[in-house]
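S.K.: Each number in the working numbering comes from the position in the sequence shown (counting from 1) with 9 added on.
Every residue gets a Cβ at the ideal spot worked out from N, C-alpha and C, and that includes glycine.
Could you have a look at this structure, given as structure tokens, before my questions?
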Amino acid sequence: MVVLQIFLVITPGSVYAYIDQSLGEWKQRPMFKTNVKNFITLRMLNPSITLPDLRKITELFNNKAEHKLDPSYEPKSEKPDKDNCEKFAIMQKYNRINLVVPIDAEQMYFAAMESKACKLTALGEHLLESCQAR
10 MVVLQIFLVI TPGSVYAYID QSLGEWKQRP MFKTNVKNFI TLRMLNPSIT
60 LPDLRKITEL FNNKAEHKLD PSYEPKSEKP DKDNCEKFAI MQKYNRINLV
110 VPIDAEQMYF AAMESKACKL TALGEHLLES CQAR
């Protein structure tokens, strides 16, 4: 349940974390001062991925950080595979929320069409470990 809240609630702390991550390449650290007893919710959002899809990370990455792709994963390829296309749709959702990135390709589409792979980000690896612990 805690994982789901990361995607639903925007708090002053999550704004700070976003800014900190954005400035990370320039080695700058933002200041965060507050004199409040508890945080308030700035905004509530619908999750960008469903919890059942999020939990499928254990099936898709099964104790490994990479997932090999091929053209059968892409629905617009010459010979798409229905099961692979469903998996690929979920992996594209993971890519949109920074859980998965393509390896040696600009986008997930090109990784599939060029028979490359995708890998879990640090956040994706953390989520995989959390799901496996349940």
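Please name the residue in Pro39, Gln30 and Lys96 whose C-alpha comes closest to that of Asp62.
M.R.: Lys96
S.K.: Tell me the residue span of the alpha helix (DSSP H) that contains Ala98.
M.R.: According to the DSSP assignment, Ala98 belongs to the alpha helix (DSSP H) that extends over Lys91 to Arg105.
S.K.: Using the C-alpha atoms, what's the distance from Glu83 back to Val12?
M.R.: Any reading at Val12 is ruled out, since the residue's pLDDT is 44, under 50, leaving its predicted position unreliable.
S.K.: Under 7 Å, Cβ to Cβ, is there at least one residue of chain C near Leu63?
M.R.: Included in the structure is just one protein chain, with no chain C present.
S.K.: Using the three-state DSSP reduction, which class does Val45 fall into: helix, strand or coil?
M.R.: coil
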